[in-house]
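One gets the working numbering by counting positions in the sequence shown from 1 and adding 115 to each.
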Amino acid sequence: MRHYYRTHISPDAVLSLADEYFKALKLERKSSESRSREYSGLLGTLALTVGPEGGHYTRIEANTNQMGESRLDRNVKRFFVNVHRAADPSHALRAAY
């Protein structure tokens, strides 16, 4: 499944957060380049790519080898929440209903 997110923090900061977050999920970093990472473990395989988009934004693209809403996909979405918190620590996340 493919996921996208856009943030204000730098690509290097996003990759640093990813290394911490996915290591805690017991996913091993299989490959590492300047703007991408590949993690693999019991949950599946994740390819993460970051890069500049539209000026001061950073685009994050996450591709998993899972079909549908897997545990890995849910954890990718949680990672995006962590990125959001890093970009704006004062923002309170709450349900929109």
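Ideal Cβ positions, reconstructed from N, Cα and C, are used throughout, including at glycine.
C-alpha of E135 to C-alpha of G156: approximately 15 Å in a straight line. Of the candidates I175, R189 and Y212, the residue whose Cα lies closest to the Cα of H123 is I175. A direct Cα-Cα distance of roughly 19 Å separates K141 from T164. Contact annotation: L161 and L132 have beta-carbon atoms that are not nearer than 8 Å. Take the alpha-carbon of L130 and the one of Y119: they are about 15 Å apart.
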